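Keeping their order, the protein sequence lines are chains H, U, D and X. Under the numbering used here, the residue at position 120 of the first sequence is numbered 116, and the numbers go up by one with no gaps. Under the numbering used here, the residue at position 105 of the second sequence is numbered 101, and the numbers go up by one with no gaps. Under the numbering used here, the residue at position 79 of the third sequence is numbered 75, and the numbers go up by one with no gaps. Under the numbering used here, the residue at position 6 of the fourth sequence is numbered 2, and the numbers go up by one with no gaps. Written out below as structure tokens is the structure these notes cover.
4 protein chains.
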Amino acid sequence: MAPHKAPDSTRRSDRSRRAIHDAALALVGEVGYARTTIEGIAARAGVGKQTIYRWWPSKAAVLMDAFLETAARQAAEAAGAGGAETGGTYEIPDTGDLAADLKLVLRATVDELNDAATEAPMRALAAEGIVDPALGAQFVENLLEPQLQLYVTRLRAAQDAGQVRADIDPRVALELLIAPLTHRWLLRTLPLTHAYADAVVDHALGGLLPRAGA
Amino acid sequence: MAPHKAPDSTRRSDRSRRAIHDAALALVGEVGYARTTIEGIAARAGVGKQTIYRWWPSKAAVLMDAFLETAARQAAEAAGAGGAETGGTYEIPDTGDLAADLKLVLRATVDELNDAATEAPMRALAAEGIVDPALGAQFVENLLEPQLQLYVTRLRAAQDAGQVRADIDPRVALELLIAPLTHRWLLRTLPLTHAYADAVVDHALGGLLPRAGA
Amino acid sequence: MAPHKAPDSTRRSDRSRRAIHDAALALVGEVGYARTTIEGIAARAGVGKQTIYRWWPSKAAVLMDAFLETAARQAAEAAGAGGAETGGTYEIPDTGDLAADLKLVLRATVDELNDAATEAPMRALAAEGIVDPALGAQFVENLLEPQLQLYVTRLRAAQDAGQVRADIDPRVALELLIAPLTHRWLLRTLPLTHAYADAVVDHALGGLLPRAGA
Amino acid sequence: MAPHKAPDSTRRSDRSRRAIHDAALALVGEVGYARTTIEGIAARAGVGKQTIYRWWPSKAAVLMDAFLETAARQAAEAAGAGGAETGGTYEIPDTGDLAADLKLVLRATVDELNDAATEAPMRALAAEGIVDPALGAQFVENLLEPQLQLYVTRLRAAQDAGQVRADIDPRVALELLIAPLTHRWLLRTLPLTHAYADAVVDHALGGLLPRAGA
DNA sequence: ATATAACCGAGACGGTACGTCGGGTCTTGCA
DNA sequence: TGCAAGACCCGACGTACCGTCTCGGTTATAT
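See the structure below:
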């Protein structure tokens, strides 16, 4: 199990790391994931191929890293800017009106998913994660799950406030809200709009069955 | 457009077509989608590479075709066998108990998705469709949408019977039911079980908000 | 040793045969021998590939046939025109002046070899014959040897007339005259000119050694 | 011109170069030129195809290189061995008896041409050079012309010694001697023997015309 | 202050697969 | 049955990238 020469990360060139991230994201955006190659990234970044292979195990890993870095930077900026993020990464607002809060957040999510700039690499990464379990786990753990936890938090708060039934499992509830958006985005079955986000919230909150009082 | 010599499909070898389908499915199952090559499919099928390139534009298209063929055959058999399918392709039962009917069908879906035999090619196809819009559209149109329509039908019947509120949009409702399963399957966030299917049905039908009468 | 279905040559389409010859010669002239393909010949001749494979064993054979046909036609025309040919195929003149007669014929040969129109296919055929003994034998027997025999005849006549030494072997003598031209043409060592033809005749007739009487 | 990335020849692998030469010569000898493929050479040499394409433009060029290398090595060995070569590459002997010297050398040439081991690749190269002017020029310049110059030297010496007429053009004379051998070898008209070499020398030296003193 | 060890750019290397071309065989439908 | 058409299996083409491997060259500690 010789680790086969672990490179010394203290001597790693930050300049190269950044250039590789940038080149990878740019190329995926321009020509798509499939036609993005390690050689192409290296050439574009002005970097030797070995420098990529030394630090990443695969093309997908490079891209993932680039994403995580971007996400981290954005989070840092958000935190720096102080305020609670909307569609971003920070926290779901709690105005007391659960429906309104969820619609706000899910509309922001819709906008984020519909953003042309990030769509290609995002899809590529998701697709790769679907096929490659290890990468998928990383994707979920680092990018998706933190977001989902925000919903858990918000829903628990709503339960505590009596706005959501106590026998609801927040994890299931959150998937009822999030999954339909993901579904439309990934599979492109129907357009992903604000109206749809609203409808999802309304249907999920209200349920399908006739209400006793109605 | 691109005339580029359309081959004469009346002279196409059915033997080869079938062999290619079989080889493609077998290889994807055995070594995974990424390591399945056109060359490998051709060799396994005992066929010239050109025969694949003559009739399909890509590896994904071959696989899609193989799936459609399989699905069509199963549908034909199901129709021949007469009965209403459960997890299959035919029809959602209507016993009058919507929750029970949905749980039955969704549990079957869970089993289908968890089937080790079809998982690899199914994931591969889905992933490819996520990145390639044309393929994705074909995937949705031919494999997914027909299934979804069954839910629309069943939900409308439930509405007519007063078991579902009239202001519910069946399309949205169905996505509330299906999307969470798809979500767990594609992203592998948490295990996809019968219990989860049941929970989804219960949460979706009942809604998150406290019921007036409760 | 079943001849594997000998085709019935009485039912052969003369139209196709000619079209194939023409297409073959045209293509070799236009794109060169190497880039001339059986498929290309068939397409150009408006003929099925099988029609070529039915009657010829190889691309070279088609070309050879085309040449023989052309040569035969020219010979027929020459014979019809009555006169003795010069550089052609018929007969070497005998004016009593051997040197002059040979120069006349060899100059005509030079012109023939330098003819741009026939050069490409001629070279191709020669080259193919150099590598493929069977084809080479055909080439020699049908195209070259008949020409060489004319020299034998003329040289014997010269011997009979006392213009050439009796101990000369006409076969060797003829090769002394012809081979240098062929050599320059095939290997492109130096330009192939009338002056060279004359020089070859002079050197061969006079020999290299000092003449006793000189 | 064609920038197209010139490879850095200082980093070229000598091991590969040699292996490719050897494989090429071996294959041409074993299966003939036409059935020798780049792919086959690469496989036999244990080399990637790209390594061949990186350094040579064509199969013929590989073979030519292999020949030149072999010839150069033999020349070096001959030079090292010190002595004057016979059929080889070094020098035509001058014993004062021109006829005998020429017969010696031409007989050696006959043996060389009849050598079964080198015949196939030699013919292939010659044939390729006949069709491809660039390759032919290389063939002539590097392999043929150096040999021919030896004859020029020897014939001039003979002229100086009064053994050959002063009005003889050594270049034409040499072709009178060499071309007939080449002719028989390339076109396989008649067997190429020592006796023929002798006859060519005798006919060329003595000439065809009756000698004054005879 | 200088060795000496790493990362780094560059790119040649042995490979695998690509998508295309053409070879030679076989089948179909027309004359 | 000959023929035009062209699908078929196959082998090779020349190219693109893979991941590994040298090669100098530049840093950047550790003597």
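The beta-carbon is built from N, C-alpha and C at its ideal position, and this holds for glycine as well. Model, not experiment: these values are computed from the prediction.
Checklist entry - Roughly how many angstroms separate the alpha carbons of U:R31 and X:A39, rounded to a whole number? => result Each residue's CA atom was taken as its position, placing U:R31 and X:A39 some 23 Å apart.
Next on the checklist: Which residues in chain U have a C-beta closer than 8 Å to the C-beta of H:T33? List them in chain order.
Outcome noted: The CB of H:T33 never comes closer than 8 Å to any CB in chain U; the least such distance is about 15 Å.
Checklist entry - Which residue comes first and which comes last in the alpha helix (DSSP H) that contains U:N225? => result Since the first and last residues shown for chain U are -3 and 210, residue 225 of chain U lies out of range.
Item to check | Contact with chain D by X:Y147, beta-carbon distance below 8 Å | outcome: With 8 Å as the cut-off, X:Y147 does not count as an interface residue toward chain D.
Next on the checklist: Counting only C-beta atoms, is X:H199 closer than 8 Å to chain D at any point?
Outcome noted: At least one chain D Cβ lies under 8 Å of X:H199.
Item to check | Spatial distance of X:R11 from X:A41 (CA atoms) | outcome: One C-alpha to the other measures close to 10 Å.
Checklist entry - For X:S54, which residues from the same chain have a beta carbon less than 6 Å from its beta carbon, with the 5 sequence-adjacent residues on both sides left out? => result Answer for X:S54: no residue qualifies.
Item to check | Nearest candidate by alpha-carbon position, reference H:K45, set H:G92, H:A195, H:V196, H:A20 | outcome: Considering only H:G92, H:A195, H:V196, H:A20, the residue with the shortest C-alpha distance to H:K45 is H:A20.
Next on the checklist: Could you check whether the Cβ of D:E171 sits closer than 8 Å to any Cβ belonging to chain X?
Outcome noted: True, the Cβ-Cβ gap to chain X drops below 8 Å.
Checklist entry - So which residues of chain D does X:P142 contact, with C-beta pairs closer than 8 Å? => result Within chain D, no residue comes near X:P142; the closest Cβ sits about 12 Å away, beyond 8 Å.
Next on the checklist: Below 7 Å on C-beta distance, what does U:I164 contact in chain H?
Outcome noted: Ordered by position in chain H, the residues that pass the 7 Å Cβ test against U:I164 are H199, L204.
Checklist entry - Excluding the five sequence neighbours on either side, which residues of its own chain have a C-beta within less than 8 Å of the C-beta of U:D61, listed in chain order? => result Within the same chain, U:D61 has close Cβ partners H17, W52.
Item to check | Segment limits, alpha helix (DSSP H) that includes X:D18 | outcome: According to the DSSP assignment, X:D18 belongs to the alpha helix (DSSP H) that extends over 10 to 27.
Next on the checklist: Counting only Cβ-Cβ distances shorter than 9 Å, please list the residues of the region 114 to 126 of chain X near chain D, keeping chain order.
Outcome noted: Using a CB distance below 9 Å, the part of the region 114 to 126 of chain X facing chain D consists of A116, R119, A120, A122, A123, E124, G125, I126, ordered along the chain.
Checklist entry - Mind listing which residues of the region 175 to 193 of chain D have their C-beta closer than 7 Å to chain X's C-betas, in chain order? => result Of all residues in the region 175 to 193 of chain D, A175, P176, T178, H179, L182, L183, R184, T185 have a Cβ within less than 7 Å of some Cβ in chain X.
Item to check | Chain-ordered neighbours of U:V136 on chain H, where CB pairs are closer than 9 Å | outcome: Neighbours of U:V136 across chain H, judged by C-beta separation under 9 Å: L183, R184, T185.
Checklist entry - Can you give the Cα-Cα distance for D:A22 and X:P117, rounded to whole angstroms? => result Near 30 Å, if we compare the C-alpha coordinates of X:P117 and D:A22.
Checklist entry - If we count the other Cβ atoms within 10 Å of its Cβ and call it buried at 16 or more, is D:E81 buried or exposed? => result Any reading at D:E81 must be qualified, since the residue scores a pLDDT of 44, below 50, and its modelled position is unreliable; no value is offered.
Checklist entry - Which of the three DSSP states, helix, strand or coil, is assigned to H:E115? => result Correct three-state label for H:E115: helix.
Next on the checklist: Tell me the DSSP secondary structure of H:S5 in three-state form.
Outcome noted: H:S5: helix per DSSP, three-state reduction.
Checklist entry - Going straight from the alpha carbon of H:Q70 to that of U:L59, what length do you get? => result Answer to the nearest angstrom: the Cα atoms are 39 Å apart.
Checklist entry - If we count the other Cβ atoms within 10 Å of its Cβ and call it buried at 16 or more, is X:R207 buried or exposed? => result The residue in question, X:R207, is exposed, as its Cβ has fewer than 16 Cβ neighbours within 10 Å.
Checklist entry - Based on Cα-Cα distance, which residue from D:L183, D:R180, D:I164 lies nearest to X:H199? => result The residue with the shortest Cα to Cα distance from X:H199 is D:I164.
Checklist entry - If you check the beta carbons only, do U:L188 and U:A122 fall under 8 Å apart? => result Not closer than 8 Å, so no.
Next on the checklist: Can you check whether the C-beta of X:G25 is within less than 8 Å of a C-beta belonging to chain D?
Outcome noted: At a cut-off of 8 Å between C-beta atoms, X:G25 does not count as an interface residue with respect to chain D.
Checklist entry - Which bits of chain H does U:R161 rub up against, with CB to CB less than 9 Å? => result The answer, in chain order, is G202, G203, L204, L205, P206, R207, A210.
Next on the checklist: Is there a C-beta anywhere in chain U that falls below 8 Å from the one on H:G132?
Outcome noted: Using a CB distance cut-off of 8 Å, H:G132 counts as an interface residue toward chain U.
Checklist entry - If you pair each beta-carbon of the region 155 to 171 of chain U with each one of the region 101 to 112 of chain U, do three or more pairs fall below 8 Å? => result Touching, no.
Checklist entry - Count the other CB atoms within 10 Å of the CB of U:G273; is the residue buried (16 or more) or exposed (fewer)? => result The structure shown does not extend to residue 273 of chain U, since chain U is modelled only from -3 through 210, so no value can be given for it.
Next on the checklist: Helix, strand or coil, according to DSSP, for U:Q70 in the structure here?
Outcome noted: In the three-state reduction of the DSSP assignment, U:Q70 falls in the helix class.
Checklist entry - Considering only residues of the same chain and omitting the five flanking positions on each side of X:I126, which have a CB-CB separation below 8 Å? => result These residues qualify, in order along the chain: G132.
Next on the checklist: Assuming contact is defined by CB atoms lying nearer than 8 Å, are X:V160 and D:L204 in contact in what I supplied?
Outcome noted: Yes. Within cutoff.
Item to check | Closest residue to X:A195 among X:P176, X:Q145, X:T185 (Cα-Cα distance) | outcome: The closest CA to that of X:A195, considering only X:P176, X:Q145, X:T185, is found on X:P176.
Next on the checklist: Against U:V211, what residues of chain H qualify as contacts under a CB-to-CB distance less than 7 Å, listed in chain order?
Outcome noted: For chain U, the structure presents residues -3 to 210; residue 211 of chain U sits outside this window and is missing.
Next on the checklist: Any beta carbon of chain D sitting closer than 8 Å to that of X:P3?
Outcome noted: False, the Cβ-Cβ gap to chain D never drops below 8 Å.
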